[in-house]
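> Here the sequence shown is numbered in the numbering used here, starting from -10 and rising by one per residue.
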Amino acid sequence: MPQAKLHPDPRPIAAIRLDGGRPCLDFVNSIHDRYAAEVEDYIATPERFIEWCLRAGVLGPHEDIATPVSTAERATLMRKVRALRQHLHTLLASRIDGLTPPEEAVRHIDQWLHRAWANQSFGSDGRMHWRGDAFDVLLPLQRVALDALDLINATPAGQLRRCDNVSTCGWLFLDTSKNQRRRWCAMETCGTEFKMGRYRRA
-10 MPQAKLHPDP RPIAAIRLDG GRPCLDFVNS IHDRYAAEVE DYIATPERFI EWCLRAGVLG
50 PHEDIATPVS TAERATLMRK VRALRQHLHT LLASRIDGLT PPEEAVRHID QWLHRAWANQ
110 SFGSDGRMHW RGDAFDVLLP LQRVALDALD LINATPAGQL RRCDNVSTCG WLFLDTSKNQ
170 RRRWCAMETC GTEFKMGRYR RA
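1) What three-state label does DSSP hand Gln109 in the structure shown?
2) Between Ala146, Leu80, Pro145 and Gln148, which lies nearest to Asp99 when the distance is taken from Cα to Cα?
3) List the residues that DSSP assigns as beta-bridge partners of His21.
4) Note the first and the last residue of the continuous alpha helix (DSSP H) segment covering Phe38.
5) Please identify the residue among Thr144, Arg151, Asn168 and Thr165 whose C-alpha is closest to the C-alpha of Cys179.
6) Rounding to the nearest angstrom, what Cα-Cα distance links Gln21 and Ser113 in this structure?
7) What first and last residue would you give for the beta strand (DSSP E) that runs through His118?
8) In three-state DSSP terms, what is Leu163?
9) Leu73 and Trp101 - do their beta-carbons sit closer together than 8 Å?
10) Quick test of the definition: if touching needs 3 or more C-beta pairs under 8 Å, does the segment 44 to 54 touch the segment 8 to 20?
11) Only counting the same chain, and skipping five residues up and downstream in sequence, which positions put a Cβ closer than 6 Å to that of Ala94?
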């Protein structure tokens, strides 16, 4: 896949589609047209990453998460974001294709899961709670990893799908349609593009 980058005129975070059906899938889909020649990264800066996390629900509106300030901290965060996103895509795509995922992807996500579990404690209410010192810029990545684990454990075979626009899109989604025949990440985007292309070829 080409190196994803911030578009010179990036679309507002509020305009980014969340068609995956789960936060972890929307995170994987935070690249526009994964297989296109020019790949746009929706969350290519720490500021856009945090704004996207609020929109996608992996950060709460009252959770005060500081944006990294130093150049080194900002670069480190974005490396972690891109690495988890790529390994998660690899893992989920392997599941869709019925393949054994690469060990590197499994190991990387396992590390995030252990970090998430270590940052929680069991409360008297019978629920797991995030520790106070867990509320930093890496918290949403831990929540994404936990959501991916829940998706994998709870999703029947065939419900996790890839958009049929395999030439450019590459988005993943949870097919909860009644007949389990959803083909596109969204009919308004790739579905319409396919129909228009078929009409022009007719």
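Think of the CB as a built atom: it goes at the ideal place given N, C-alpha and C, for glycine as much as any other residue. Keep in mind it's a predicted model, so treat the numbers as computed, not measured.
The answer reads as follows:
1) strand
2) Leu80
3) Glu29
4) Pro35 to Ala45
5) Arg151
6) Contrary to the premise, residue 21 reads as His rather than Gln in this sequence. Their backbone Cα atoms lie some 43 Å apart in a straight line.
7) Met117 to Trp119
8) strand
9) Yes, these two residues count as a Cβ contact at 8 Å.
10) yes
11) Cβ within range, chain order: His76, Thr79 and Leu80.
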